[in-house]
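Per the numbering used here, the very first residue in the sequence shown carries number 13; after that it's consecutive.
Single-structure report; data block below.
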Amino acid sequence: MIFETIVVGQLGVNCFILGCEETREGIVVDPGADAERVLAVVQKLGLKIRYVINTHGHFDHMGGNRSVIEKTGAKLLIHESDVYFLSRAADSAASYGLKAENSPKPDDLLQDGMVVNFGKHQLKVLHTPGHTPGGCCLYLESEDKIITGDTLFAESVGRTDFPGSSQADLIDGIRTKLLVLPDETQAFPGHGPSTTIGHEKRHNPYL
Numbered sequence: 013m014i015f016e017t018i019v020v021g022q023l024g025v026n027c028f029i030l031g032c033e034e035t036r037e038g039i040v041v042d043p044g045a046d047a048e049r050v051l052a053v054v055q056k057l058g059l060k061i062r063y064v065i066n067t068h069g070h071f072d073h074m075g076g077n078r079s080v081i082e083k084t085g086a087k088l089l090i091h092e093s094d095v096y097f098l099s100r101a102a103d104s105a106a107s108y109g110l111k112a113e114n115s116p117k118p119d120d121l122l123q124d125g126m127v128v129n130f131g132k133h134q135l136k137v138l139h140t141p142g143h144t145p146g147g148c149c150l151y152l153e154s155e156d157k158i159i160t161g162d163t164l165f166a167e168s169v170g171r172t173d174f175p176g177s178s179q180a181d182l183i184d185g186i187r188t189k190l191l192v193l194p195d196e197t198q199a200f201p202g203h204g205p206s207t208t209i210g211h212e213k214r215h216n217p218y219l
């Protein structure tokens, strides 16, 4: 599988580009900003982007949705509980002195347990609310990888001091859906370095 990471925007979001080496179908996860850079990598890899997926609705993770979707024709997926964020990206970014485009409406909604196919690969959606009501992680079981958005970080967890956040929900989701995965599973957060599920079991002070 093609698995590329690009750090985008002033808040340092990890945008992931996934692709099937045989069919060249791909997915862009969390194009928060710098859409031109994201599209340049997509073009270099020769991918046809089938979906843009937002792990959650905060502007720094979806501020580049519109540009990427318009240039690729991809369908947008996000959890129903975070759809309301899409039309508020510009205002949310402005409150931090930053810029972001409001996003188009989703073409389909992520659901817990849903499987998203691209080429000969698939990912499984794990709904892990807490940071936001609709936060999701994306599990690539065949690759021993999981994209954790702002749910789980290397030796940290997502903030829960936003309206609609819940620390209890966040920790419950991490314990019941992420820590049950194999220890060797690589975890790729929405910000910062990658880690493994086993490392977080042993060393994450929040868990």
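All C-beta atoms, glycine included, are put in the ideal place defined by N, C-alpha and C.
Note that the structure is predicted; figures quoted are calculated from it, not measured.
Taking a contact to mean a Cβ-Cβ separation below 8 Å, would you say E34 touches G75 in this structure?
Here the question's residue 34 lines up with position 22 in the sequence shown. Here the question's residue 75 lines up with position 63 in the sequence shown. Not a contact, by the Cβ cut-off of 8 Å.
Under the DSSP definition of a beta bridge, which residues are partnered with K213?
By 1-based counting over the sequence shown, the position of residue 213 is 201. Bridge partners of K213: none, in fact.
Do F130 and I39 count as a contact pair if the criterion is CB distance below 8 Å?
Counting from one through the sequence shown, the residue named residue 39 turns up at place 27. Counting from one through the sequence shown, the residue named residue 130 turns up at place 118. Contact: yes.
My understanding is that L135 touches V128, with C-beta atoms under 8 Å, so please give their C-beta distance in whole angstroms.
Here residue 135 is taken as the residue at index 123 of the sequence shown, counted from 1. Here residue 128 is taken as the residue at index 116 of the sequence shown, counted from 1. Confirmed, Cβ separation roughly 5 Å.
When you compare only the Cα positions, how much space is there between H139 and I81?
Here the question's residue 139 lines up with position 127 in the sequence shown. Here the question's residue 81 lines up with position 69 in the sequence shown. So the alpha carbons of these two residues sit roughly 23 Å apart.
Looking at C-alpha atoms only, which residue of V50, T208, E37 is the closest neighbour of N26?
Translated into positions along the sequence shown, residue 26 becomes position 14. Out of V50, T208, E37, V50 has the C-alpha closest to the C-alpha of N26.
Which residues in the same chain as L164 place their Cβ atom closer than 7 Å to its Cβ, once the five residues preceding and following it in sequence are excluded?
Counting from 1 along the sequence shown, the entry for residue 164 is found at position 152. For L164, where only same-chain residues beyond five positions count, the Cβ hits under 7 Å are I186, L190, A199, P201, E212.
Determine whether the beta carbon atoms of L88 and P116 lie at a separation below 8 Å.
Within the sequence shown, the letter at position 76 stands for residue 88. Within the sequence shown, the letter at position 104 stands for residue 116. Cβ distance < 8 Å, so L88 and P116 count as in contact.
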